[in-house]
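Peer 1: Chains as they are written, first to last, in the working numbering: chain B, 17 to 168; chain U, 17 to 168.
Ideal placement from N, C-alpha and C gives every residue a C-beta, glycine not left out.
On a predicted model such as this, the values are computed, not experimentally measured, just so you know.
Protein chains: 2
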Amino acid sequence: MASASEPTGTLATRLQAAVQARGQRWTEQRQLIADVLAASDGHATGAELVERVRAADPSATPSTVYRTLDLLEELGFATHHHGVDGRETYHLEEVVAHGHVHCQGCGAEVELNADLAQPILAAIERATGYAADLDHLSLQGRCPSCRAAAAR
Amino acid sequence: MASASEPTGTLATRLQAAVQARGQRWTEQRQLIADVLAASDGHATGAELVERVRAADPSATPSTVYRTLDLLEELGFATHHHGVDGRETYHLEEVVAHGHVHCQGCGAEVELNADLAQPILAAIERATGYAADLDHLSLQGRCPSCRAAAAR
DNA sequence: TGGCTTATTGCAACGTGTTGCGATAGACTC
DNA sequence: GAGTCTATCGCAACACGTTGCAATAAGCCA
Numbered sequence: 017m018a019s020a021s022e023p024t025g026t027l028a029t030r031l032q033a034a035v036q037a038r039g040q041r042w043t044e045q046r047q048l049i050a051d052v053l054a055a056s057d058g059h060a061t062g063a064e065l066v067e068r069v070r071a072a073d074p075s076a077t078p079s080t081v082y083r084t085l086d087l088l089e090e091l092g093f094a095t096h097h098h099g100v101d102g103r104e105t106y107h108l109e110e111v112v113a114h115g116h117v118h119c120q121g122c123g124a125e126v127e128l129n130a131d132l133a134q135p136i137l138a139a140i141e142r143a144t145g146y147a148a149d150l151d152h153l154s155l156q157g158r159c160p161s162c163r164a165a166a167a168r
Numbered sequence: 017m018a019s020a021s022e023p024t025g026t027l028a029t030r031l032q033a034a035v036q037a038r039g040q041r042w043t044e045q046r047q048l049i050a051d052v053l054a055a056s057d058g059h060a061t062g063a064e065l066v067e068r069v070r071a072a073d074p075s076a077t078p079s080t081v082y083r084t085l086d087l088l089e090e091l092g093f094a095t096h097h098h099g100v101d102g103r104e105t106y107h108l109e110e111v112v113a114h115g116h117v118h119c120q121g122c123g124a125e126v127e128l129n130a131d132l133a134q135p136i137l138a139a140i141e142r143a144t145g146y147a148a149d150l151d152h153l154s155l156q157g158r159c160p161s162c163r164a165a166a167a168r
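#1: According to DSSP, is THR43(U) helix, strand or coil?
#2: If we cut at 8 Å on Cβ distances, does VAL81(B) have a partner in chain U?
#3: According to DSSP, what are the bridge partners of HIS59(B)?
#4: Looking at the C-beta of ALA164(B), does it have a partner C-beta in chain U at a distance below 8 Å?
#5: Measure the C-alpha to C-alpha separation of LEU155(B) and GLN36(U) and round it to an integer number of angstroms.
#6: Would you report the Cα separation of ALA148(U) and GLU44(B), rounded to the nearest angstrom?
#7: Taking the alpha carbon of GLN120(U) as the point to measure from, which residue in ASN129(B), THR105(B) and ASP151(B) has its own alpha carbon closest?
#8: Roughly how many angstroms separate the alpha carbons of THR29(U) and ALA50(B), rounded to a whole number?
#9: Quick one: give me the first and last residue of the beta strand (DSSP E) that GLN120(B) is part of.
#10: Quick one: is CYS122(U) buried, meaning 16 or more other Cβ sit within 10 Å of its Cβ, or exposed?
#11: Leaving out five residues on either side along the sequence, give the residues of the same chain with a beta carbon under 8 Å from the beta carbon of ASP131(U).
#12: So, with DSSP's three-state summary, where would you put SER154(B)?
#13: Which whole-angstrom value describes the C-beta separation of ARG68(B) and SER56(B), a residue pair presumed to lie in contact below a C-beta threshold of 8 Å?
#14: Is the segment 82-93 of chain U in contact with the segment 70-87 of chain B, if contact means three or more CB pairs nearer than 8 Å?
#15: For LEU108(B), which of helix, strand or coil comes out of DSSP?
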């Protein structure tokens with residue numbers, strides 16, 4: 017992944033440099049989309065991002081937003097995964113890599129940071145030989161309280 | 017997880033019994049959809065199933081197919097999960113519960129049976145307290161050969 | 001058999017995301 | 001500064017899946 021090791025400015029600045037280094041262009045729309053993504057610092061679905069971008073610039077179209085998100089992903093500045101309902105959820109790579117665990121009973125969702133996930137990833141590697149990607153680790157199951165309720 | 021322990025007939029027969037036991041109705045469309053799902057004995061996306069059902073009965077509509085699939089799922093005869101691209105993939109519960117691991121490098125996909133997955137599920141439970149659902153275990157990462165290629 | 005209740009269906013519209021294409025405009029060369 | 005190349009944009013159409021509603025028909029009871 018790109019050398020995000022020495023942040024020499026804001027996200028938008030670094031992103032602009034990365035885009036231009038590839039011979040691609042930095043436009044107002046891309047700036048806006050990067051700003052919106054940075055402002056929604058947790059997770060945001062594609063539709064939410066489209067809506068926010070259009071609120072700031074009604075001339076922006078969904079295709080532009082999705083294509084820019086793809087570009088951010090290619091450059092290693094963002095990732096996306098599919099949530100429980102199949103909707104896309106994007107977040108900035110700045111946010112440390114993490115996975116999700118969703119409860120099928122009550123809908124609760126907890127985040128899995130690298131420390132918590134480490135033994136899980138190790139178990140996956142032992143079982144399959146695959147090096148699993150924490151950012152795409154999206155588990156479903158039953159949370160402790162739903163399990164307790166079901167046991168009764 | 018209905019008691020699939022004593023199959024007293026074909027899938028469609030058992031399904032019909034289960035549907036009628038709930039005071040619901042057994043129709044030709046449901047029979048057809050069950051047959052199609054049984055015939056596509058691996059995995060099939062929603063769109064594929066719709067297409068096959070319509071090939072057999074052009075008067076069937078997507079909404080009917082999806083609603084019937086939801087019903088099968090409610091009754092425990094089928095499950096679905098979201099694949100890498102967010103598409104829905106359905107399969108019969110008859111197939112033993114299993115997860116998937118998808119390689120981001122070469123696209124290879126391996127199945128995780130209960131034995132292989134057991135230590136992974138145990139690690140998830142230790143880390144989070146959640147009892148993860150094997151049927152919804154859909155991992156992404158890098159397969160051993162792609163990792164070796166990347167290391168070079 | 002006839003009538004009633006209501007589950008199921010088909011249709012149409014919508015939401016989310018993707019793709020192709022022509023028009024636009026930014027960047028580069030001379 | 002003029003001309004050229006091409007990345008990007010907006011539009012329109014499409015694919016997949018979901019939902020609301022009115023019409024239909026299955027199942028039940030008398």
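Peer 2: On the basis of the coordinates in this document:
#1: For the purposes of this step, residue 43(U) is taken as residue 27 along the second sequence, with counting starting at 1. Looking at THR43(U) - three-state DSSP - the assignment turns out to be coil, as it is neither helix nor strand.
#2: Here residue 81(B) is taken as the residue at index 65 of the first sequence, counted from 1. It does not: the Cβ of VAL81(B) has no partner Cβ on chain U nearer than 8 Å.
#3: Start at 1 with the first residue of the first sequence, and residue 59(B) comes out as number 43. Note: HIS59(B) sits in no beta bridge, so no partner.
#4: Counting from 1 along the first sequence, the entry for residue 164(B) is found at position 148. Not one chain U Cβ lies under 8 Å of ALA164(B).
#5: Working through the first sequence from its first residue, we reach residue 155(B) at position 139. Working through the second sequence from its first residue, we reach residue 36(U) at position 20. If you take the alpha carbons of LEU155(B) and GLN36(U), they lie about 34 Å apart.
#6: Taking the second sequence and counting its residues from 1, one reaches residue 148(U) at position 132. Taking the first sequence and counting its residues from 1, one reaches residue 44(B) at position 28. If I take the Cα positions, the gap works out to 44 Å.
#7: If you number the second sequence from 1, residue 120(U) lands on position 104. Comparing Cα-Cα distances from GLN120(U) to each of ASN129(B), THR105(B) and ASP151(B), the minimum goes to ASP151(B).
#8: Along the second sequence, read from residue 1 onward, the residue named residue 29(U) stands at position 13. Along the first sequence, read from residue 1 onward, the residue named residue 50(B) stands at position 34. If you take the alpha carbons of THR29(U) and ALA50(B), they lie about 55 Å apart.
#9: As a first step, residue 120(B) must be located in the first sequence, where it is residue number 104. From DSSP, GLN120(B) is part of no beta strand (DSSP E); its letter is neither H nor E.
#10: The sequence position of residue 122(U) within the second sequence is 106, counting from 1. Looking at its Cβ environment, which holds fewer than 16 other Cβ atoms inside 10 Å, CYS122(U) is exposed.
#11: As a first step, residue 131(U) must be located in the second sequence, where it is residue number 115. Same-chain partners within the cutoff: there are none.
#12: As a working mapping, residue 154(B) is identified with position 138 in the first sequence. Strand at SER154(B).
#13: As a position in the first sequence, residue 68(B) is number 52, starting the count at 1. As a position in the first sequence, residue 56(B) is number 40, starting the count at 1. Between SER56(B) and ARG68(B) the Cβ distance is about 7 Å, and since that is below 8 Å, they are a contact.
#14: no
#15: Working through the first sequence from its first residue, we reach residue 108(B) at position 92. Of the three classes helix, strand and coil, the one that applies to LEU108(B) here is strand, per DSSP.
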